[in-house]
Ligand code: THU
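Numbering (the working numbering), first residue to last: 2 to 139.
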């Protein structure tokens, strides 16, 4: 799966962003190890705290359908309209990635367009992260 295809899916998902309070629209596309793509958008709420980010929407859709192995995620976020910035995942979303992904292998693509993007390993965005291995006694 090419980066540009995943970014195109994230851009499509961003169209569904429900963000009347912040005006900040985010789309994400998550690639599983078996080649499926789960998309997500941010979904806000009048009570604010129930808001969920695009990345977690994509992860929770995938996990809730039995997918636990992931290769990479593309993220597109910006104030509504043209994408003017690279949107990096928030700390909570990085922690959710840490739960399901090997930080040395999982890639996070932040994009402005299918041609303009940057790629990071999760380890770079969440150094010394706390994950499932820390909790097990092995
Ligand atoms: N948001 C995301 O969807 N992903 C991020 O990684 C950063 C923030 C959303 C949450 C909220 O709806 C809006 O962007 C502004 O914070």
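Here a beta-carbon is modelled for each residue, glycine too, at the ideal position from N, C-alpha and C.
Leaving out five residues before and five after residue i in sequence, what residues of the same chain have Cβ atoms less than 6 Å from its Cβ?
i: residue 86; result: 79
i: residue 10; result: 30, 38, 40
i: residue 5; result: 115
i: residue 124; result: 104, 105
Beta-carbon within less than 7 Å of residue i's beta-carbon, same chain only, minus the 5 sequence neighbours each way: which residues are those?
i: residue 62; result: 39, 41
i: residue 17; result: 42
i: residue 88; result: 27, 76, 77, 78, 79, 111
i: residue 129; result: none
So is the beta-carbon of residue i under 7 Å away from any non-hydrogen atom of the ligand THU?
i: residue 90; result: yes
i: residue 10; result: no
i: residue 82; result: no
i: residue 52; result: yes
i: residue 167; result: Within the shown structure, residues of the chain are numbered from 2 to 139, placing residue 167 beyond reach of any answer.
i: residue 25; result: yes
i: residue 65; result: no
i: residue 43; result: yes
i: residue 78; result: yes
i: residue 85; result: no
i: residue 16; result: no
What do you reckon, are the CB atoms on residue i and residue j nearer than 8 Å?
i: residue 131; j: residue 99; result: yes
i: residue 76; j: residue 111; result: yes
i: residue 118; j: residue 108; result: no
i: residue 70; j: residue 34; result: yes
i: residue 65; j: residue 84; result: no
i: residue 32; j: residue 72; result: yes
i: residue 20; j: residue 45; result: yes
Just to confirm my understanding: we take residue i, look at its own chain, exclude 5 residues before and 5 after, and list those with CB closer than 8 Å. What are they?
i: residue 49; result: 22
Please report how far the alpha carbon of residue i lies from the alpha carbon of residue j, in whole angstroms.
i: residue 126; j: residue 103; result: 13 Å
i: residue 26; j: residue 54; result: 10 Å
i: residue 52; j: residue 138; result: 34 Å
i: residue 101; j: residue 136; result: 14 Å
Taking only runs of the beta strand (DSSP E) that begin and end inside the segment 34-113, which ones reach a length of at least 3 residues, in chain order?
Whole beta strand (DSSP E) segments, 3+ residues: 38-42, 71-80.
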